[in-house]
Amino acid sequence: MTTDQAAPALDAAQIVSGLRATLRMGRTKPAKWRLSQLHALVKLVEENEEDIYSALDSDLHKPKHESFMMELSHVTTACKYAIKNLQNWMAPKKKGVTHTTWPASAATVSEPLGVTLIISTWNFPFLLAIDPLIGAISAGCTACLKTSEVSPATSGLLARLIPKYLDAEGIQVVEGGVSVVTELLQQKWDKIFYTGNSKVGRIIMGAAAKHLTPVTLELGGKCPLYIDDTVDLQVASRRIMVGKYGNNLGQACISPDYILVEEHLAPKLIKEFRTTLVEFYGEDPSTSKDLSRIVNKNHFQRLSSLLDHPGTAEKIVHGGERDEKALYIAPTLIDDPPLDSPIMAEEIFGPLLPIITVKDVNAAVYFISDRPKPLAIYVFTNNKDSVKKFTEETSSGGLLTNDCLLQFLVPELPFGGVGESGTGSYHGKASFDTFSHHKAILNRGMGMDISTRYPPFTSKKQSM
Ligand code: NAD
1 MTTDQAAPAL DAAQIVSGLR ATLRMGRTKP AKWRLSQLHA LVKLVEENEE DIYSALDSDL
61 HKPKHESFMM ELSHVTTACK YAIKNLQNWM APKKKGVTHT TWPASAATVS EPLGVTLIIS
121 TWNFPFLLAI DPLIGAISAG CTACLKTSEV SPATSGLLAR LIPKYLDAEG IQVVEGGVSV
181 VTELLQQKWD KIFYTGNSKV GRIIMGAAAK HLTPVTLELG GKCPLYIDDT VDLQVASRRI
241 MVGKYGNNLG QACISPDYIL VEEHLAPKLI KEFRTTLVEF YGEDPSTSKD LSRIVNKNHF
301 QRLSSLLDHP GTAEKIVHGG ERDEKALYIA PTLIDDPPLD SPIMAEEIFG PLLPIITVKD
361 VNAAVYFISD RPKPLAIYVF TNNKDSVKKF TEETSSGGLL TNDCLLQFLV PELPFGGVGE
421 SGTGSYHGKA SFDTFSHHKA ILNRGMGMDI STRYPPFTSK KQSM
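In terms of UniProt numbering, the numbers along the sequence shown are unbroken and rise by one, the last being 464.
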């Protein structure tokens, strides 16, 4: 089902009440249920690999190797990591007590936030649907997963497979577009986890505010990449080009959006990028089997208009070829487009890469700090002072030196944005925490009843 029109009537209230009934029965709370669902997810991937590959191919022409690396393998790794650590995450955590509260013992006890809504997006449509679900399951929540209508093949596959493998009374899948989300948002949820653009993020947060529902917003924005002349340009170029084009043709939230480089280095860097692109994708990248396609006509036209904008079009120094029927846009390098052009004003989310020259590292830091806080900043340098400068003087969801995108694959690192790029984070323990409430418990006995805390506060008591 691809459109709202095709979607069957949705009874959102009934979905919530069903999930709440399951939660109240206590069914999702025991570790046994959580582990069974996580194991079932691993099985879902293992037994349906080929169907998942072909859905991703249908939606995005995603190469199999890329689908394996960035979607399937990440899902199984995240499940196995949660399985391994779950008992430890669930265990009460002892805390110290103060002089005034002693004798007592203190601890935090995690409890599921409750009935959760996960709204997913299309660019990694399998991974970004299941990855938050792993957190909800680990925390013992019930969940309604709303897949993206922009990736209908994967959405349909998830709607078919999830009820087959997971406990349908605790986990529901809903397909459909804006009207479906709008209806779901009328309900009272105990947590909403949304992945997508920041415009819709504001709608989600507004709806959640009515019920004081906590939200995690995994948003996007422009991720800058700074590079200086202390690095091996060939290695850097390979890592940057695969980071930009080898992940969904640049349609990734943590794809490098633009490059900041000093003027003297820019021509060498562009030359190296060109060489790498030919090495990776051949003289005619449209024949390469290793590049995804633009997800649909709307996004193709959006990217085309960024490229055709006066001031930008003249600055294309590599690529620029397009085929609307095939939803193909070649990896394209743009040398110093005007800073007020649309390509520098909005998230690109596609295979266009502006290269902006700056005077020095200070100017690069200023450039970034003067704009909305990004989801990721990439710094290619061997200069420790520069790394320190970026770490201390910029704010972003994450910062990675001398590579691209790999921060996403480290389960010990919380993944999420800050400011315009999002709020909250997940992955590993952070996923468990995102869907949990850590209840503060203070246990006191009936002994040691000190009279000085009780009125009347006589001068004798006050002097004690
Ligand atoms: P999308 O069109 O699939 O929308 C995301 C979800 O929002 C979908 O489920 C959709 O049905 C729903 N939606 C769309 N419009 C809506 C509306 N008006 N009201 C209510 N719900 C609505 O995906 P998208 O927004 O195009 O995704 C791309 C954006 O997501 C980029 O900005 C990207 O950077 C960001 N993103 C972030 C992450 C992350 O982890 N931080 C990951 C992937 C993508």
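Note that the Cβ used here is the ideal one computed from N, Cα and C, for glycine as well.
- prompt: Just to check, is the beta-carbon of valine 200 closer than 7 angstroms to a non-hydrogen atom of the ligand NAD?
  reply: By 1-based counting over the sequence shown, the position of residue 200 is 200. Valine 200 Cβ: within cutoff of the ligand NAD.
field: Burial state of isoleucine 441, where buried means 16 or more other Cβ atoms lie within 10 Å
entry: Translated into the one-based positions of the sequence shown, residue 441 becomes position 441. With fewer than 16 other Cβ atoms within 10 Å, it is exposed.
query: Quick one: is the Cβ of glycine 428 within less than 7 angstroms of any heavy atom of the ligand NAD?
result: Counting from 1 along the sequence shown, the entry for residue 428 is found at position 428. Not under cutoff, so the answer is no.
message: Closer than 7 angstroms to a non-hydrogen atom of the ligand NAD - does that hold for the CB of residue 495?
response: Given that the chain is displayed from residue 1 to residue 464, the structure contains no residue 495 and the question cannot be resolved.
message: Does the segment 289-306 come into contact with the segment 253-265, if we say contact requires no fewer than three beta-carbon pairs (one atom in each stretch) closer than 8 angstroms?
response: Inter-segment contact for the segment 289-306 and the segment 253-265 is absent: fewer than three beta-carbon pairs are separated by less than 8 angstroms.
task: Taking the CB atoms as reference points, tell me whether isoleucine 356 and leucine 260 lie closer together than 8 angstroms.
output: As a working note, residue 356 is residue 356 in the sequence shown. As a working note, residue 260 is residue 260 in the sequence shown. Yes, they are a contact pair.
Reduced DSSP secondary structure (H/G/I, E/B, other) of glutamine 172: As a position in the sequence shown, residue 172 is number 172, starting the count at 1. DSSP places glutamine 172 in strand when its eight states are reduced to three.
field: Cutoff 7 angstroms; reference leucine 86; Cβ partners in own chain excluding five residues on either side
entry: The sequence position of residue 86 within the sequence shown is 86, counting from 1. Excluding five sequence positions before and after leucine 86, the CB atoms of its chain that fall closer than 7 angstroms to its own CB belong to Ala31, Arg34, Leu35 and Ser138, given in chain order.
field: C-beta atoms of leucine 115 and aspartate 190 nearer than 8 angstroms
entry: Residue mapping note: residue 115 aligns to position 115 of the sequence shown, counting from 1. Residue mapping note: residue 190 aligns to position 190 of the sequence shown, counting from 1. Sequence inspection shows valine at residue 115; the leucine mentioned does not correspond to that position. The answer is yes: Cβ separation under 8 angstroms.
message: By the DSSP assignment, the beta strand (DSSP E) with tyrosine 258 in it spans what residues?
response: Working through the sequence shown from its first residue, we reach residue 258 at position 258. Looking at the DSSP string, the run of the beta strand (DSSP E) that includes tyrosine 258 is 256-262.
field: Rounded straight-line distance, which links the Cα of isoleucine 130 to that of glutamine 5
entry: Position 5 of the sequence shown, counting from 1, holds the residue named residue 5. Position 130 of the sequence shown, counting from 1, holds the residue named residue 130. Low confidence applies to glutamine 5: its pLDDT is 48, below 50, so where it sits in the model is not reliable, and the reading given next is rough at best. Looking at the two C-alpha atoms, the distance is approximately 25 angstroms.
task: Please list, in chain order, all residues of the same chain as alanine 13 whose beta carbon is under 7 angstroms from its beta carbon, the five residues on each side excluded.
output: In the sequence shown, the residue the question calls residue 13 occupies position 13. Taking C-beta separations shorter than 7 angstroms and ignoring five residues to either side along the sequence, the partners of alanine 13 in its chain run Gln187, following chain order.
message: I'd like to know whether the C-beta atoms of glycine 350 and leucine 375 end up nearer to each other than 8 angstroms.
response: The residue given as residue 350 occupies position 350 in the sequence shown. The residue given as residue 375 occupies position 375 in the sequence shown. Not in contact: glycine 350 and leucine 375 (Cβ atoms no closer than 8 angstroms).
query: What distance in whole Å lies between the Cβ atoms of glycine 447 and proline 163, which are believed to be in contact at a cut-off of 8 angstroms?
result: Position 163 of the sequence shown holds residue 163. Position 447 of the sequence shown holds residue 447. No, proline 163 and glycine 447 are not in contact; Cβ-Cβ is about 54 angstroms, not under 8 angstroms.
message: Less than 8 angstroms between the beta carbons of isoleucine 377 and phenylalanine 390, yes or no?
response: By 1-based counting over the sequence shown, the position of residue 377 is 377. By 1-based counting over the sequence shown, the position of residue 390 is 390. Result yes, Cβ atoms of isoleucine 377 and phenylalanine 390 sit closer than 8 angstroms.
query: Whole-angstrom Cβ separation of proline 331 and leucine 277, contact assumed at under 8 angstroms?
result: Your numbering for residue 331 matches position 331 in the sequence shown. Your numbering for residue 277 matches position 277 in the sequence shown. Between proline 331 and leucine 277 a beta carbon distance of about 5 angstroms is seen, short of the 8 angstroms cut, so the two are scored as contacting.
query: Name the DSSP beta bridge partners of valine 379, please?
result: Numbered from its first residue, the sequence shown carries residue 379 at position 379. Its beta-bridge partners are Tyr226 and Thr401.
Complete beta strand (DSSP E) runs within the segment 276-322 (minimum length 3 residues, chain order): Segments of the beta strand (DSSP E) lying fully in the segment 276-322: 316-318.
query: If we ignore side chains and look at the alpha-carbon of each, how far apart do threonine 3 and leucine 157 end up?
result: For the purposes of this step, residue 3 is identified with residue 3 of the sequence shown, where counting begins at 1. For the purposes of this step, residue 157 is identified with residue 157 of the sequence shown, where counting begins at 1. For threonine 3, the predicted model reports a pLDDT of 43, less than 50, meaning its position is unreliable; a value from the coordinates is still stated below. When rounded, the distance between both Cα atoms is 15 angstroms.
field: Nearest candidate by alpha-carbon position, reference valine 418, set Phe280, Cys223 and Ile203
entry: As a working note, residue 418 is residue 418 in the sequence shown. Shortest Cα-Cα distance from valine 418 to any of Phe280, Cys223 and Ile203 involves Cys223.
- prompt: Going by DSSP, which residues form a beta bridge with phenylalanine 415?
  reply: Here residue 415 is taken as the residue at index 415 of the sequence shown, counted from 1. When beta bridges are read from the DSSP output, phenylalanine 415 appears opposite Tyr426.
query: At a cut-off of 7 angstroms, is phenylalanine 390 close to the ligand NAD when judged by its beta-carbon and the heavy atoms of the ligand?
result: Numbered from its first residue, the sequence shown carries residue 390 at position 390. No - the ligand NAD has no heavy atom lying nearer than 7 angstroms to the Cβ of phenylalanine 390.
- prompt: Can you tell me where the beta strand (DSSP E) with glutamate 420 in it begins and where it stops?
  reply: Taking the first residue of the sequence shown as position 1, residue 420 is located at position 420. Per DSSP, glutamate 420 belongs to no beta strand (DSSP E) and is neither H nor E.
field: Supposed close pair residue 470, isoleucine 204 - CB separation, criterion 8 angstroms
entry: In this structure the chain extends from 1 to 464, so residue 470 is not present and cannot be described.
- request: State the start and end residues of the unbroken alpha helix (DSSP H) segment that holds histidine 39.
  value: Counting from 1 along the sequence shown, the entry for residue 39 is found at position 39. First-last of the alpha helix (DSSP H) with histidine 39: 31-47.
query: So what's alanine 440 in DSSP terms, helix, strand or just coil?
result: Here residue 440 corresponds to residue number 440 of the sequence shown, with the count starting at 1. In this structure, alanine 440 counts as strand in the three-state DSSP scheme.
Cross-strand partners of alanine 107 (DSSP beta bridge): Along the sequence shown, one-based indexing puts residue 107 at 107. Bridge partners of alanine 107: Lys94 and Ile441.
message: Rounded to whole angstroms, what is the Cα-Cα separation between methionine 1 and glutamate 392?
response: Stepping through the sequence shown from its first residue, residue 1 is reached at position 1. Stepping through the sequence shown from its first residue, residue 392 is reached at position 392. Caution applies to methionine 1, whose pLDDT of 38 falls short of 50 and renders its modelled position unreliable; the model cannot decide the point.
- request: Answer yes or no: do alanine 345 and tyrosine 226 have a C-beta to C-beta separation smaller than 8 angstroms?
  value: The sequence position of residue 345 within the sequence shown is 345, counting from 1. The sequence position of residue 226 within the sequence shown is 226, counting from 1. Their beta carbons are not under 8 angstroms apart, which means alanine 345 does not touch tyrosine 226 by this criterion.
query: Do you know how far the Cα of alanine 207 is from the Cα of glutamate 149?
result: The residue labelled residue 149 in the question sits at position 149 within the sequence shown. The residue labelled residue 207 in the question sits at position 207 within the sequence shown. Rounded to the nearest angstrom, the two C-alpha atoms are 20 angstroms apart.
query: CB of serine 73 to nearest heavy atom of the ligand NAD: below 7 angstroms?
result: Taking the first residue of the sequence shown as position 1, residue 73 is located at position 73. Serine 73 Cβ: outside cutoff for every heavy atom of the ligand NAD.
message: Does the beta-carbon of glycine 98, which I'm using as the reference point, lie nearer than 7 angstroms to any heavy atom of the ligand NAD?
response: The count along the sequence shown starts at 1 and reaches residue 98 at position 98. Here residue 98 turns out to be threonine, not glycine, going by the sequence shown. It does not: the Cβ of threonine 98 is nowhere closer than 7 angstroms to a heavy atom of the ligand NAD.
message: At a threshold of 7 angstroms, does cysteine 253 count as lining the ligand NAD (C-beta to nearest heavy atom)?
response: Looking up residue 253 in the sequence shown gives position 253. Yes.
- prompt: Mind checking whether leucine 117 and isoleucine 192 have CB atoms under 8 angstroms apart?
  reply: For the purposes of this step, residue 117 is identified with residue 117 of the sequence shown, where counting begins at 1. For the purposes of this step, residue 192 is identified with residue 192 of the sequence shown, where counting begins at 1. Cβ distance < 8 angstroms, so leucine 117 and isoleucine 192 count as in contact.
query: Which word fits lysine 62, buried or exposed, when buried means at least 16 other C-beta atoms lie within 10 angstroms of its C-beta?
result: The count along the sequence shown starts at 1 and reaches residue 62 at position 62. Burial call: buried.
message: What does the alpha-carbon distance come out to for the pair arginine 444 and asparagine 48?
response: Residue 444 sits at position 444 when you count from the first residue of the sequence shown. Residue 48 sits at position 48 when you count from the first residue of the sequence shown. In this structure, the alpha-carbon of arginine 444 lies about 53 angstroms from that of asparagine 48.
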